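Contents: one structure, followed by commentary.
Numbering (this note's numbering), first residue to last: 1 to 221.
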């Protein structure tokens, strides 16, 4: 807490919020250091992207994706979910979660690549921070953008196969955690499937249905 006072306002707030979260969870039987390490990994991934942006040089596609899996934030979300669920809290499972297993990395890959496909150049983001498509096209001069997009979709498909395999295989991780991973992956297309007007028509329809369409109580029973 004392060292956080020298940080700029936003990192200070993140540090204080994280310290408060750790204090509130101290009664659970796990080491609070795991959450701190996960946050540190996320910050390092952001720093790597900041260096790429500052230098104006894009990395190769695989290097970008490896870092992007961490900077997507999926790992940190699922690590918090794991501890909050409180199921299977033992040293073996904590170490497994720390090492970004397939269930987490596949979900993160799906989110990162959907983000790159759907929102690389919206009104608030000019694409200067790069995307897998940009990095791959720079690495393979002359390739058509549509070919790269097809490749990205194939990688997403492979990530889904990996995620399904992890969830259906014998796994020390709880079923509740597997469902959380699946639900995040299922949510991704709704969040990043932009049309040519940078709108999310599918999500808008779901929200209208949720907020404005009446549901007969008889249909629920």
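Virtual Cβ for every residue (Gly too), placed ideally from N, Cα, C.
From a predicted model like this one, the values you see are computed outputs, not experimental measurements.
Below 8 Å between beta carbons: does that hold for residue 37 and residue 74?
Contact: no.
Ordered along the chain, which non-local residues of its own chain (more than five positions away) have a Cβ less than 6 Å from that of residue 102?
Around residue 102: 162 and 166.
What residue range is occupied by the uninterrupted alpha helix (DSSP H) comprising residue 172?
That residue, residue 172, is in no alpha helix (DSSP H); it is neither H nor E in DSSP.
For the structure I just gave you, are there three or more beta carbon pairs, one from the stretch 79-95 and one from the stretch 107-115, closer than 8 Å?
With the cut-off at 8 Å, the stretch 79-95 and the stretch 107-115 do not touch.
Rounded to whole angstroms, what's the CA-CA distance from residue 64 to residue 213? Just pull it up for me.
If you take the alpha carbons of residue 64 and residue 213, they lie about 43 Å apart.
Would you say residue 72 and residue 35 are within 8 Å of each other, going by their C-beta atoms?
Going by C-beta atoms, residue 72 is not nearer than 8 Å to residue 35.
Please state whether DSSP places residue 146 in a helix, a strand or coil.
Residue 146: helix per DSSP, three-state reduction.
Less than 8 Å separating the beta-carbons of residue 173 and residue 113?
Result no, Cβ atoms of residue 173 and residue 113 do not sit closer than 8 Å.
Out of 138, 80 and 68, which has the shortest C-alpha to C-alpha gap to residue 116?
Among 138, 80 and 68, the Cα nearest to that of residue 116 belongs to 68.
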